[in-house]
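In the working numbering, the protein residues as written are 17 to 176.
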């Protein structure tokens, strides 16, 4: 095969190395630096365009407020955490008396040696009106399935 004015034998290692050097020459030195700087400029422009699109979408959908993606019917039919009652009342224009506000609760799952260090957090959350339940890994188990079962049991217990 004839490339760059020379006959190159694809079975000859010397010809292959010569061909690689000939191909690589345009990418060395200034040309390579120029390519990198152009890529950086393109990257900056793309980042600017992405930011502009994100801001445009943010302002476009800013007036469509929702609480956890729920519509008015979902809000009125289900329980609402007490901490969000005033926010939801303002967003959906619903009187406070129509909202089903319920106390929030915390389930803390911890290793046995950490239980004594949670006293301040538990008392703080209880002072804010939350129910707090602490379960140790020895009580519920250490596998993912045992932890999921304990969480489900606690959820069922708190909903009753």
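Glycine is no exception: its CB is placed at the ideal position from the N, C-alpha and C atoms.
The Cβ atoms of residue 174 and residue 150 lie no closer than 9 Å to each other.
Taking all protein chains shown into account, residue 172 has fewer than 16 neighbouring C-beta atoms within 10 Å of its C-beta and is therefore exposed.
Restricted to the segment 107 to 170, the beta strand (DSSP E) segments that are unbroken, complete and at least 3 residues in length are 116 to 118, 121 to 126 and 147 to 152, listed in chain order.
A distance below 9 Å separates the beta carbons of residue 122 and residue 147. DSSP lists 117 as the beta-bridge partner residues of residue 96. Residue burial annotation: residue 73 is exposed, with fewer than 16 other C-beta atoms found within 10 angstroms of its C-beta. In the assembly as shown, residue 112 is an exposed residue. Its beta-carbon has fewer than 16 other beta-carbons within 10 Å.
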